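If you want my numbering, it's the 1-based position in the sequence shown plus 121.
Note that beta-carbon positions come from the ideal geometry of N, C-alpha and C, so glycine has one too.
As the structure is a computational prediction, the values presented were derived from the model and not from experiment.
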Amino acid sequence: MAFKEFLNRKNIDITFKRYGIDAMSAMAQGLFASLLIGTILSTLGSLIHFETLVEIGNFAKGVAGPAMAVAIGYALQAPALVLFSLIAVGQASNTLGGAGGPLAVYFIAIIAAEFGKAVSKETKFDILVTPAVTIIIGVLLSQWCAPAIGKGATSIGNLIMWATTKQPFIMGILVSVLVGMALTLPISSAAICAAFGLTGLAGGAAVAGCCAQMIGFAFLSFKENRWSGLLSQGIGTSMLQMGNIVRNPKIWIAPTLVGAITGPIATCIFKLEMNGPAISSGMGTCGFVGQIGVITGWTNQIQENLRTSITAMDWIGLILICFVIPAILTPLIGTYLRKIGWIKEGDLKLED
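Rendered as structure tokens:
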């Protein structure tokens, strides 16, 4: 009873909602405000040959770990000293976690924040004790656990790379579904694609899967979230739906099925390739980085005399796979899921 009272006094709420929904949703926002927006800016800067914009984007990408950790601490209602101390924890866990950095940040930042909250204002030396406890616990956990989490993410990457060696139809389904799901999960599809150099035909399938998730969720949830939700998910990130997926995993069925459809269409019919930066393969329609990457690859191939021009079929394939098919098929599948009661009113509503 005394321990429970202590937890209540410290606002340590050990519940699924606090950790599985609030913290995860906040982490998605932290990821968008650093790695994703940074990639958009640096990609745009490279495209228009504006080095200052590239540098700005690189700075934003460099603080992805701290941004996610602070966002998690904010969701856990951590005191100021704990919140600021999570900057170091996020940097350590994201760096040591490798491709699985965001997932490592998620688990480790929660633990470090709660320990920091537990000791906060319990001594006369709070300005020393609270940051020390938060940082020491967070960094030690990063050293012990983050590499293992990173290996788990690596196994996902190996599976994706294995899929790329197979025939286009099966590869298109596997890569599209796996990378698309990784984009919505807190493990960073962009980081995985960058770490494993996922380009070419497999990169095209990855783009298809990411677009299926982002455009799919944007149109599937239009009734609940209207235009703000359409934009935040369609050119932001489908990770915003992660909290809702935790509550009702069935909302994930429609965009994932669409990814299984658009993936092989990309690889078998339109031969869509990502020959731009590998990280663009995992960005989908986020700031249109995926599409910019594909177009950049086309222009690079023209300069290298690997193609003579960008054909009408190229443009048709890019538009259909990235926008039109997900925008049409996902709500259609969603209508059926609503009819049978698998998706209920409010299941897709994003928090303001």
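Counted within 10 angstroms of its Cβ, other Cβ atoms place residue i as buried (16 or more) or exposed
i, result
"Tyr227", "buried"
"Phe124", "exposed"
"Ile440", "exposed"
"Gln264", "exposed"
"Ser430", "exposed"
"Gln362", "buried"
"Ser276", "exposed"
"Met434", "exposed"
Closest Cα partner of residue i within the set the options
i, options, result
"Ser349", "Leu174, Glu472 and Gly159", "Glu472"
"Pro268", "Ala213, Ser167, Leu304 and Ala253", "Ala213"
"Ile390", "Ile437, Leu261, Leu249 and Ile366", "Ile437"
"Phe481", "Glu235, Lys242, Ala192 and Thr377", "Examination of residue 481 is not possible in this model, given that the chain is present from 122 through 473 alone."
"Leu427", "Ala433, Leu319 and Trp419", "Trp419"
"Lys238", "Ile158, Val203 and Ile135", "Val203"
"Ala448", "Ile400, Leu458 and Leu341", "Leu341"
"Phe137", "Ser401, Ile366, Leu453 and Leu458", "Ile366"
"Gly403", "Met434, Gly166, Tyr140 and Leu319", "Leu319"
"Val240", "Ala303, Arg459 and Phe127", "Phe127"
"Ala303", "Ile291, Leu280, Gly321 and Lys287", "Leu280"
"Glu235", "Ile258, Lys272, Asn215 and Leu217", "Ile258"
Assigned secondary structure, residue i (DSSP; H/G/I helix, E/B strand, else coil)
i, result
"Met189", "helix"
"Met404", "coil"
Anticipated Cβ contact below 8 Å, residue i with residue j, distance rounded
i, j, result
"Gly293", "Gly384", "4 Å"
"Val379", "Ile442", "The pair is not a contact, with the Cβ atoms about 10 Å apart (cut-off 8 Å)."
"Thr358", "Cys407", "6 Å"
"Met335", "Ala149", "Contact doesn't hold; Cβ gap of about 12 Å is too wide."
"Leu207", "Ala185", "Their Cβ separation, rounded to whole angstroms, is 13 Å, which puts Leu207 and Ala185 out of contact at 8 Å."
"Cys331", "Gly405", "3 Å"
"Val298", "Val260", "About 36 Å; that fails the 8 Å criterion."
Task: the segment 406 to 422 / the segment 369 to 383 touching (three or more Cβ pairs under 8 Å) - done: no
Open item on the list: Contact between the segment 125 to 134 and the segment 342 to 356 is defined here as three or more beta-carbon pairs at a separation below 8 Å; is this criterion met?
Closed with: Touching, no.
Open item on the list: I'd like to know if the segment 186 to 200 and the segment 133 to 152 are in contact, where contact means that at least 3 CB-CB pairs between them fall below 8 Å.
Closed with: Cβ pair count under 8 Å is three or more, so yes.
Task: Cβ pair count under 8 Å reaching 3, the segment 155 to 162 against the segment 181 to 188 - done: yes
TODO: Could you tell me whether the segment 247 to 256 touches the segment 218 to 225, using the rule of 3 or more Cβ pairs below 8 Å?
DONE: Touching, no, given that fewer than three Cβ pairs across the two stretches are closer than 8 Å.
Task: Sufficient close CB pairs (3 or more, under 8 Å) joining the segment 167 to 175 to the segment 184 to 192 - done: Counting Cβ pairs under 8 Å, fewer than three are found: no touch.
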